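Contents: one structure, followed by commentary.
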Amino acid sequence: MIRNNHGVTLFELLISISVGSVVIVMLLSIMTGVMTTRNHIEYDNKLLDESYFISEFIQAKVFDLGVRSVEDIGTDIEGKQILKLSHEYELAQDEDGRIYRDYSNRRSDILLYDEATESIYYGPDEEGVWDSETHSFINPVEFRLNASNIRVIEGSIIEHVCFEQAQFENEEWRCYSAIITINITLTMTLESGSTIYHPKAFQTTIIF
Amino acid sequence: MVGLDKKGFTLLELLAVIVLATAIMFPMVNALLGNYEVNVRMHSRKAASSMSITTMYAFGKFEYGALRTLLEDNLNDYEASEYGEDGYYVLLNKDACYRLPDPYAIEVEGTLNEYQLCSYIYDQEWNNFSYDSDHFQTYLYPYYLDTATKENLLDSSLPNRVKDHIRSIPVCDGRTSCDPNDLSAMRISVWIRYSDTSEGSVVASNGLLTDTEGISGE
């Protein structure tokens, strides 16, 4: 039997290491590329989901509450944007069949964006829940819309353009119809507190 | 060197490796792209659904008379319509907002005329999704549908999803108040096509009433 008892030469070893390295580098770069793309997609989706949740929550609340007026009560407060959304009245019928406005069930909700905590909150304007002096919720975590690892960063804007005023109880004029624009920039933080990738901006319009 | 195999790879071996590598990589990349497409479609559908609800509510903010005039004109002579309306309905989209009153009125702070409100509606965004005039349309048609009016609508070029909704509306034949020309109320269907697949559209429908205390859509 003829057997090759020779080992490999240094030259052959170097060549095989070089070729092997090139192949491994190529495979790794493909794998890294696929993983990076997947992470980017997951990150984008996570932020998009979060933005969907925030906008759908606000839209559902606006329609469920039957909002009939909106007031901007945060114009003088630095770092806070606050909208007060009110269900002013219900239409009722008296004994003679006449339709009138029943103000007995008036209630309001507060939509707050706080730059300091980088969060959006939505909750009822009730005693023990909303502190109208400090302009904050007494238990903010309960009313925060964004997840704890999602930051609504500075530059986000929640504003409204009023296009119809109406007179309510005590002959007060308030904004009856408006376009609410939610312009939020979101980013995700890791447990270490650092952020990954770039923040993403989302715009949503609600007309009521 | 004695007995050393000096042959390299044959073309066949090389091709086999390439085919195997492709066979492994292709499903991975395909699954990734597939997931991405499904996500985009899912988000687009959610956006379309939310925008159709917003639009339905927003139409309650129009001066009812402005919408009624459009529908009245159409009922009188829909064959003369310049907007491709081939039945008893009115089509509104971003390009048709100027049919509403005062398209060239000067902007007054704190108010929007019908044209401006219409433009806001069709320019709205939902989490950065928006739709052009071919994909985002609103149809107005009579509230009271007798058999002839219903058939007229079903024979028209309305989108199939809108027709499906109209099919589900009972005809009012035989009732005392069954006049399609009675426009004290009308119906609205908001149609948004979010994907080019056959099922890729959403429809939201509602009724609009004549102004009550100046409040339309109550």
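Listed in order, the protein sequences are those of chains A and B. Number 206 in this note's numbering belongs to position 206 of the first sequence; there are no gaps in the numbering. Here this note's numbering runs 208 ahead of the position in the second sequence, where the first position is 1. Positions of the beta carbon are idealized from the N, C-alpha and C atoms, including for glycine. It should be emphasised that the depicted structure is a prediction, and the values quoted were computed from it without experimental measurement.
| Query | Result |
| --- | --- |
| Among Trp173/A, Ile82/A, Thr37/A, the one whose alpha carbon lies nearest that of His160/A | Ile82/A |
| Pairwise C-alpha distance: Asn301/B and Tyr328/B | 11 Å |
| Simplified DSSP state of Val152/A, which is helix, strand or coil | strand |
| Three-state secondary structure (DSSP) of Ser136/A | strand |
| Alpha-carbon to alpha-carbon, Val237/B and Ala393/B | 54 Å |
| Any chain A beta carbon closer than 8 Å to Glu333/B | yes |
| Given Glu293/B as reference, the closest of Ser364/B, Ala255/B, Pro378/B, Tyr306/B once Cα atoms are compared | Ser364/B |
| Phe208/A burial status per 10 Å Cβ neighbour count (16 or more: buried) | buried |
| Residue-level contact to chain B via CB, Arg38/A, 8 Å cutoff | yes |
| Delimiting residues of the beta strand (DSSP E) encompassing Cys162/A | 157-167 |
| Residues in the stretch 129-149 of chain A having any Cβ partner in chain B nearer than 8 Å | none |
| Beta-carbon proximity of Met259/B to Asn414/B, cut-off 8 Å | no |
| Minimum Cβ-Cβ distance from Ile429/B to chain A less than 8 Å | Chain B is shown only over 209 to 426; residue 429/B falls outside these bounds and no answer can be derived. |
| Secondary structure of Gly422/B, DSSP reduced to three states | At Gly422/B, the pLDDT of 38 sits below 50, so the modelled position is not reliable; the number obtained from the coordinates is stated separately. It is coil, neither helix nor strand. |
| Positions along the stretch 175-199 of chain A whose CB lies within less than 7 Å of some CB in chain B | Ser177, Ile179 |
| Chain-ordered neighbours of Leu240/B on chain A, where CB pairs are closer than 8 Å | Val34, Thr37, Arg38, Ile41 |
| Distance, Thr181/A Cα to Phe63/A Cα | 15 Å |
| Chain B contacts made by the stretch 46-75 of chain A, where a contact means CB separation under 8 Å | Leu48, Ser51, Tyr52, Ser55, Glu56, Gln59, Phe63 |
| His391/B classed as buried or exposed, judged by whether at least 16 other C-beta atoms fall within 10 angstroms | Per the sequence shown, the amino acid found at residue 391/B is Leu instead of His. Buried. |
| For Phe270/B, the nearest candidate out of Leu325/B, Asp381/B, Leu366/B, Gly295/B (CA to CA) | Leu325/B |
| Beta-carbon neighbours of Glu171/A, restricted to chain B and to distances below 9 Å | The contacting residues do not exist; Glu171/A stays about 15 Å from chain B at best. |
| Candidates Gln165/A, Gln59/A, Ile184/A, Glu171/A, of which the one nearest Lys200/A by Cα | Ile184/A |
| Cross-chain neighbours of His251/B in chain A, by beta carbon under 9 Å | Asn45, Leu48, Asp49, Tyr52 |
| Straight-line Cα distance separating Arg38/A from Ile196/A | 14 Å |
| Contact set between the stretch 262-294 of chain B and chain A, restricted to residues whose Cβ is under 7 Å from the partner | Thr262, Tyr265, Ala266, Lys269 |
| Ile17/A at chain B interface by Cβ criterion, 8 Å | no |
| Alpha carbon of Asp285/B to alpha carbon of Ala412/B, nearest angstrom | 27 Å |
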